[in-house]
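For reference, the structure is listed below as structure tokens.
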């Protein structure tokens, strides 16, 4: 599997589980750093792609930040989450897939 795809997939999964983009990045780097160092991938590009990927699934409905934001705004998940989902899950995932495809096809 391509190291870039592996990196964005692992980062997205960890970010989704923790509900935090920084937590997902930290877990991914701690657990898979040796794999990526030995893969020969461009680590600068990998870091950029994983940083983009971390922002995709970090705002799933169980994210602690959403509960805080919704309580401050006085709304609930039923009325507001679809808007948050479109802006902070769908768009970052599309951008991440597009950026990864460009890097792979360009041979970066």
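Numbering (our numbering), first residue to last: 1 to 108. Each residue gets a CB set at the ideal place from its N, CA and C atoms; glycine is no exception.
Under the Cβ criterion (8 angstroms, minimum of three pairs), the region 27-42 does not count as touching the region 62-70.
With fewer than 16 other Cβ atoms from the protein chains shown falling within 10 Å of its own Cβ, residue 104 counts as exposed. In this structure residue 97 does not touch residue 59 by the C-beta definition: roughly 17 angstroms separates them, more than the 8 angstroms allowed. Straight across, the Cα-Cα distance linking residue 44 with residue 12 is about 18 angstroms. In this structure, the straight-line span from the alpha carbon of residue 19 to that of residue 63 is close to 4 angstroms. According to the DSSP assignment, residue 50 belongs to the alpha helix (DSSP H) that extends over 43-54.
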